[in-house]
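Here the structure is laid out as structure tokens; the discussion comes afterwards.
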Amino acid sequence: SLVSLFVSFGKNSFRTGENYKVILIKEAMNWEDALYYCRDHHHDLVTITNMDDQRWIQEKVKEASTDYVWMGLRYTCTLDFWFWVSDEVVSYENWALDGQMDDCDMSGAMETGGEHKWFNMKDDEEFNFICSTS
């Protein structure tokens, strides 16, 4: 299935805050294309596991040309939970008040302005995105 494909290709890496090498891709793509772009050219779509990561990434997203940027956060209907494509457990969360709905074909995006909260967005929307590079 598509879900197991995403999970099985995940790669673990340990890092914190500024040691986390990431790159903003200022090209608008749907979530799946963004995922494959990151995996083909860098490492993976970004994973945010703590507040240090969040602060580091939100500085990067300020330069985006879209209102949201894709992260490596995905919802699976069949298993009914959110997961990071890197296989990291979703422990830290920064959802907007009404930003998280458990719905099929949804992935996580961070707002590029305001408080940089997370929202679930339809996969076929096109946004800039953040890749991890190591």
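Residues in the sequence shown are numbered from 1 upward in steps of one, following UniProt numbering. The beta-carbon is built from N, C-alpha and C at its ideal position, and this holds for glycine as well.
{"Asked": "Bridge partner(s) assigned by DSSP for Asp-44", "Found": "Ser-132"}
{"Asked": "Supposed contact pair Trp-31 and Ser-107 - C-beta distance, whole angstroms, cut 8 Å", "Found": "4 Å"}
{"Asked": "Helix, strand or coil at Val-22 [DSSP, three-state]", "Found": "strand"}
{"Asked": "Chain-order list of residues whose beta-carbon lies under 6 Å from that of Tyr-92 (same chain, five-residue window excluded)", "Found": "Thr-49, Asn-50"}
{"Asked": "Under the three-state DSSP convention, the category Lys-117 falls into", "Found": "coil"}
{"Asked": "Enclosing beta strand (DSSP E) for Glu-111 [first to last residue]", "Found": "106-111"}
{"Asked": "Candidates Asn-128, Asp-124, Glu-115, Lys-122: closest to Gln-58 by CA position", "Found": "Glu-115"}
{"Asked": "Sequence-distant residues of its chain with Cβ nearer than 7 Å to Ala-34 (five each side left out)", "Found": "Leu-45, Trp-70, Phe-129"}
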